[in-house]
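Going by my numbering, the residue at position 55 of the sequence shown is 707; the numbering climbs one at a time, nothing skipped.
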Amino acid sequence: MQFLKRVIESAVSPVGLLILLFAAGFLLTLIKRNPKLRNRLLLAGAWLYILFTFSPLAEITIGLLERHYPPLLKPKVGMNISTIVVLAGYGEEHPATPVTSNLSEETVCRLVEGIRLYHQIPKVKLLMSGGILRKGEPSVALIMAEFAKAMGIPAGDIFVEGNSQNSYENLMEVRKLVGSRPFLLVTSAYHLPLHGCSQKAANGTCRCPRADLDAATFSA
653 MQFLKRVIES AVSPVGLLIL LFAAGFLLTL IKRNPKLRNR LLLAGAWLYI
703 LFTFSPLAEI TIGLLERHYP PLLKPKVGMN ISTIVVLAGY GEEHPATPVT
753 SNLSEETVCR LVEGIRLYHQ IPKVKLLMSG GILRKGEPSV ALIMAEFAKA
803 MGIPAGDIFV EGNSQNSYEN LMEVRKLVGS RPFLLVTSAY HLPLHGCSQK
853 AANGTCRCPR ADLDAATFSA
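And the structure:
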């Protein structure tokens, strides 16, 4: 099921659409059939490539999503928060490299933001949320926990949720651990609309302040 889900997600992504268009065009070229359709597919692929690569479309779209969430520069004194949840992006274990090299730039940005908030809120805990990407490897959340330990965070202040595979499962699994208590959710700012929908689906309420352009803080 997870494999099928990943295939569908890849197929409808910008890169997946480009590959499908070019592959279909080249296939029609090889079998020498329907030249009009072939040309249209290749032309559509070329236009999409130019649009995604050389235009500010992605930056504009992400900027519009992020603009709704102002930064949480400094938590309020007496803030009733006991847990900071940091959502995983991508990561994989490499025995030959330090843990600081095993996470994607986006995930590291989220972690650094979570650690920054950790140092500003008394008696708060860090909860890493993110499942296993490849069978036999540790969850991304576990790799994130190792990163936080390497940055000097005490092991007793770090918790791991390594079962979730998507935004909805992230919040459902987190709620099992924190219950109805409020928490801060650190993720990429452009993900916040999706997490807001997931939070409502999980029968919760939410407020969504943003930490910065890459790591966003979500208060639930």
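Built from N, CA and C at the ideal position, the CB exists for glycine as well.
Segment limits, alpha helix (DSSP H) that includes residue i
| i | result |
| --- | --- |
| LEU724 | Segment: none, LEU724 is in no alpha helix (DSSP H) and carries neither H nor E. |
| VAL667 | 666-683 |
| PHE704 | 687-706 |
| ASN822 | 819-830 |
Classification of residue i by the beta-carbon crowding that lies within 10 angstroms, buried from 16 upward
| i | result |
| --- | --- |
| VAL792 | buried |
| GLN851 | Unreliable positioning characterises GLN851 in this predicted model, as indicated by a pLDDT of 47, which lies under 50. The coordinate reading is nonetheless provided below. So GLN851 counts as buried. |
| THR705 | exposed |
| VAL738 | buried |
| LEU682 | exposed |
| ALA802 | exposed |
| ARG690 | buried |
| ALA675 | exposed |
| ASN804 | Looking at the sequence provided, one finds Gly at residue 804 rather than Asn. It is exposed - the Cβ of GLY804 has fewer than 16 other Cβ atoms within 10 Å. |
| LEU695 | exposed |
Cα-Cα separation between residue i and residue j, rounded to whole angstroms
| i | j | result |
| --- | --- | --- |
| PRO747 | GLU765 | 26 Å |
| CYS849 | LEU725 | With a pLDDT of 43 at CYS849, under the threshold of 50, the modelled position of that residue is not reliable, and the figure given next carries that caveat. Approximately 24 Å, taken between the alpha carbons. |
| LEU755 | GLU789 | 13 Å |
| LEU763 | ILE736 | 10 Å |
| LYS891 | GLN772 | Residue 891 lies beyond the stretch modelled for the chain, which goes from 653 to 872, so this question has no answer here. |
| GLU813 | VAL667 | 30 Å |
| SER816 | MET824 | 8 Å |
| VAL760 | THR752 | 8 Å |
| LYS684 | TYR742 | 41 Å |
| GLU821 | VAL838 | 15 Å |
| LEU703 | LEU670 | 11 Å |
| SER840 | SER819 | 12 Å |
| LEU672 | VAL830 | 43 Å |
| ASN686 | LEU680 | 7 Å |
| GLU745 | LEU693 | 39 Å |
| VAL602 | LYS787 | Missing from the structure shown is residue 602; the chain here goes from 653 to 872 and no further. |
| ILE784 | THR749 | 19 Å |
| ARG768 | PHE678 | 50 Å |
beta-carbon residue i near the ligand GTP non-hydrogen atom, thresh 7 Å
| i | result |
| --- | --- |
| GLY668 | Inclusion of the ligand GTP in the displayed structure is not the case, the ligand content being empty and no account of it being possible. |
Residue interval of the beta strand (DSSP E) (run including residue i)
| i | result |
| --- | --- |
| MET803 | No beta strand (DSSP E) holds MET803; DSSP gives it neither H nor E. |
| PHE811 | 810-813 |
Task: Inter-stretch contact (C-beta, 8 Å, three-pair minimum) for the stretch 795-802 and the stretch 684-704 - done: No: the two stretches stay apart, fewer than three of their Cβ pairs being nearer than 8 Å.
Open item on the list: Under 8 Å: do the stretch 732-743 and the stretch 833-840 share three or more Cβ pairs, one atom per stretch?
Closed with: Verdict: yes, contact present.
Open item on the list: Quick test of the definition: if touching needs 3 or more C-beta pairs under 8 Å, does the stretch 805-812 touch the stretch 774-793?
Closed with: Between the stretch 805-812 and the stretch 774-793, the count of C-beta pairs closer than 8 Å reaches three or more; the two stretches touch.
Task: Secondary structure, beta strand (DSSP E): runs of 3+ residues fully inside the stretch 728-802 - done: Runs of the beta strand (DSSP E) spanning 3 or more residues and lying entirely within the stretch 728-802 occur at 735-739, 777-781, in chain order.
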